[in-house]
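J.: Chains as they are written, first to last, in the numbering used here: chain E, 1 to 258; chain B, 1 to 258. All C-beta atoms, glycine included, are put in the ideal place defined by N, C-alpha and C.
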């Protein structure tokens, strides 16, 4: 513990753009991955939205969330086909023109060595909002982009992850949230009063209770999250004492961050 | 095809309430399952939001989405512990009191045969917004509830699914969205112009292109979605002809709904 005031939290919202997620055809794999990565750099994911490939909805959503959070990350809708409308919608959200970005076009020309392969549809992937800067795509070259606090990435998890890996060093995080998870084979309803009391004494620690049923026995994983390791350790010790007092045997799942 | 006008689409929004999803600790399993179930009864999932266990955010989100969609389904935050604040927040969103629901309390009393086990924390699960009706919980008894067009369910997938199974028959769906998925080992950039042209001639069919990379070869799954089976079949035949003209061999992944 230091005497310096805790850094201001830095917040983020993820916008998953894609009809295929809303139809249930594709299970989103990006949200959980990004949530953990953001936490590693001290950015707290505060909200996520899944929206369709619909210009009006994208424009409205982006303008709402870019004003409310420090960072916005989108996934999906930046490929070569007619249903890839994210870049155009983001330009509309920012009130700027969609222009052919010279460096993006250059990268596509280098990637498709045979000029016949770089057809109009593929070259469309170089059309970005005026003023946007590129997000590298080491996998398939067609870049993502950043405009204002909005980071526009691919939906394919492998490509999205490669894009985020390139962004990571440039993100300015705040306090990193640490967590400890203590479990016991006690129904959460039995621990509830004690947890309420513990939460009241540790307002700086977020205490979450996650019940489970395994082999006919009910238990709960209690997750403690906060930015101060010493406070977290003190709360974890009190939690373990509470569990023992109720006849449970506390076990700690991990002591890592996240 | 009939001469009757197509039924008006019936829309839904899912609100996943839970810090554990935003921290990346837990992967949401409810969205994809609910998306498919809703489609089966002719309800189109148009948006999903993941929000924290935060009263102000829940109130604001619920009031926004219940005005914008025919149905709202929430998951999470209805257990016995201090971090279960969904019922209270929903009452605030509707501007009604939180009251002890007599039938919910009766069910809990029956479930916890030993009165000592039904402590204050557990009895809190019977506190529901005034005017709410119960959603049965065959698994662990503590019910979900419905108020207006908002359906409040548990976050544990097994319990949520059992709750939704009970709700299903009461939902009034519109036209069911059918889908066909045709794939070919062709890069989507090669098909893009043809797909744009196909989409222009089938404005009633939603055409989505989902690229994949398998064994070093790129391909794309083209998903056609619409409510009219005959129109869908016509579009699928044209799509297959397009793929063959480009040197690809179309394969149909499935012809089921979804």
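If you reduce the DSSP assignment to three classes, tell me which class residue 138 of chain B lands in.
T.: Three-state result, residue 138 of chain B: coil.
J.: Does the beta-carbon distance from residue 221 of chain E to residue 178 of chain E come in below 7 Å?
T.: Against a cut-off of 7 Å, the Cβ pair of residue 178 of chain E and residue 221 of chain E comes out as no contact.
J.: Checking contacts by CB at 7 Å: is residue 72 of chain E closer than that to chain B?
T.: Judged by the 7 Å Cβ criterion, residue 72 of chain E is not in contact with chain B.
J.: Mind checking residue 133 of chain B: buried by the 16 CB within 10 Å criterion, or exposed?
T.: By the 10 Å Cβ count, residue 133 of chain B comes out exposed.
J.: I'd like the span of the beta strand (DSSP E) that includes residue 150 of chain B, first residue to last.
T.: 150-153 is the span of the beta strand (DSSP E), which, as asked, contains residue 150 of chain B.
J.: Residue ranges of each alpha helix (DSSP H) run of no fewer than 4 residues wholly in the segment 140-210 of chain B, ordered along the chain?
T.: The segment 140-210 of chain B contains these whole alpha helix (DSSP H) runs: 157-167, 188-201.
J.: Between residue 227 of chain B and chain E, is the shortest Cβ-Cβ distance under 7 Å, so that the two count as touching?
T.: It does not: the Cβ of residue 227 of chain B has no partner Cβ on chain E nearer than 7 Å.
J.: May I have the straight-line CA-CA distance separating residue 105 of chain E from residue 137 of chain B, to the nearest angstrom?
T.: So the alpha carbons of these two residues sit roughly 56 Å apart.
J.: Looking only at its chain, what residues have a beta carbon closer than 7 Å to the beta carbon of residue 46 of chain E, apart from the 5 residues adjacent to it on each side?
T.: Cβ within range, chain order: 11, 12, 13, 69.
J.: Residue range of the alpha helix (DSSP H) that residue 110 of chain E falls in?
T.: Where residue 110 of chain E is concerned, the enclosing alpha helix (DSSP H) stretches over 102-111.
J.: Could you tell me which whole alpha helix (DSSP H) segments of length 4 or greater appear in the segment 50-85 of chain E?
T.: Those alpha helix (DSSP H) runs which fall completely within the segment 50-85 of chain E and span 4+ residues are 55-68.
J.: Output, in sequence order along the chain, the residues in the segment 31-64 of chain E whose CB is closer than 9 Å to any CB in chain B.
T.: Going along the segment 31-64 of chain E in chain order, one finds 31, 32, 33, 34, 35, 36, 37, 38, 39, 44, 45, 46, 47, 48, 49, 50, 51, 52, 53, 54, 57, 61 with a Cβ nearer than 9 Å to chain B.
J.: Using a cut-off of 7 Å between C-beta atoms, extract the partners of residue 128 of chain B located in chain E.
T.: Near residue 128 of chain B there are no residues of chain E at all, since even the closest Cβ is about 17 Å away, more than 7 Å.
J.: Closest Cβ-Cβ distance between residue 81 of chain B and chain E: below 7 Å?
T.: With 7 Å as the cut-off, residue 81 of chain B counts as an interface residue toward chain E.
J.: Does at least one heavy atom of the ligand PLP sit under 6 Å from the Cβ of residue 121 of chain B?
T.: As far as ligands go, the structure on display features none, and thus does not contain the ligand PLP.
J.: Chain B partners of residue 20 of chain E, CB-CB under 8 Å?
T.: Neighbours of residue 20 of chain E on chain B, chain order: 208, 210, 223.
J.: Distance, Cα to Cα, residue 31 of chain B vs residue 115 of chain E?
T.: In a straight line, the C-alpha of residue 31 of chain B is about 43 Å away from that of residue 115 of chain E.
J.: What are the boundary residues of the beta strand (DSSP E) that residue 39 of chain B is part of?
T.: Element bounds for residue 39 of chain B: not the beta strand (DSSP E) but the alpha helix (DSSP H), 30-40.
J.: Anything in the segment 190-208 of chain B with a Cβ closer than 7 Å to a Cβ of chain E? List those residues in chain order, please.
T.: Taking 7 Å as the Cβ-Cβ cut-off against chain E, the residues of the segment 190-208 of chain B that qualify are 192, 193, 195, 196, 199, 206, 207, 208.
J.: To which residues of the same chain is residue 107 of chain E closer than 6 Å at the C-beta, ignoring the five residues directly before and after it?
T.: The answer, listed in chain order, is 141.
J.: Please identify, using Cβ separations under 9 Å, the residues of the segment 97-125 of chain B that lie next to chain E, in order along the chain.
T.: Those would be 112, 117, 118, 119, 120, 121, 122, 124, 125, in chain order.
J.: Would you mind sorting residue 56 of chain E into buried or exposed? The rule is 16 or more other CB atoms within 10 Å of its CB.
T.: When all chains shown are included, residue 56 of chain E counts as exposed.
J.: Alpha carbon to alpha carbon, how far is residue 165 of chain E from residue 65 of chain E?
T.: Their backbone Cα atoms lie some 23 Å apart in a straight line.
J.: Taking Cβ-Cβ distances shorter than 7 Å, what residues in chain E pair up with residue 24 of chain B?
T.: Neighbours of residue 24 of chain B on chain E, chain order: 32, 35, 36, 39, 258.
J.: Does the count of Cβ pairs from the segment 182-191 of chain E and the segment 201-218 of chain E closer than 8 Å reach three?
T.: Enough Cβ pairs lie closer than 8 Å, so yes.
J.: Please list the terminal residues of the continuous beta strand (DSSP E) segment that includes residue 246 of chain E.
T.: Neither: residue 246 of chain E is in no beta strand (DSSP E) and is coded neither H nor E.
J.: Report yes or no: do the segment 27-43 of chain B and the segment 231-246 of chain E share at least 3 C-beta pairs separated by less than 8 Å?
T.: Flag = no, the segment 27-43 of chain B and the segment 231-246 of chain E do not touch.
J.: Which residues in the same chain have their Cβ closer than 6 Å to the Cβ of residue 256 of chain E, if we skip the five residues on either side of it in sequence?
T.: Bear in mind that a pLDDT of 48 at residue 256 of chain E, under 50, signals an unreliable position, so the number given afterwards is only what the model happens to contain. Cβ within range, chain order: n/a, list empty.
J.: Which of the three DSSP states, helix, strand or coil, is assigned to residue 46 of chain E?
T.: If DSSP states are grouped into helix, strand and coil, residue 46 of chain E belongs with the strands.
J.: According to the Cβ coordinates, are residue 94 of chain E and residue 151 of chain E closer than 7 Å?
T.: Contact flag unset, no.
J.: Express the C-alpha separation of residue 194 of chain E and residue 244 of chain E in angstroms, rounding to a whole number.
T.: Going from the Cα of residue 244 of chain E to the Cα of residue 194 of chain E covers about 12 Å.
J.: For a contact meaning CB atoms closer than 7 Å, what does residue 27 of chain E contact in chain B?
T.: In chain order: 32.
J.: Taking 8 Å as the threshold, find out whether the segment 14-23 of chain B comes into contact with the segment 74-84 of chain B through three or more Cβ pairs.
T.: Contact holds: three or more Cβ-Cβ distances are below 8 Å.
J.: Counting only Cβ-Cβ distances shorter than 9 Å, please list the residues of the segment 229-252 of chain B near chain E, keeping chain order.
T.: Answer in chain order: no residues at all.
J.: Rounded to a whole number of angstroms, what is the C-alpha to C-alpha distance between residue 49 of chain E and residue 40 of chain B?
T.: So the alpha carbons of these two residues sit roughly 23 Å apart.
J.: Figure out for me which residue from E/175, E/191, E/176, E/210 has the closest Cα to the Cα of residue 119 of chain B.
T.: It is E/191.
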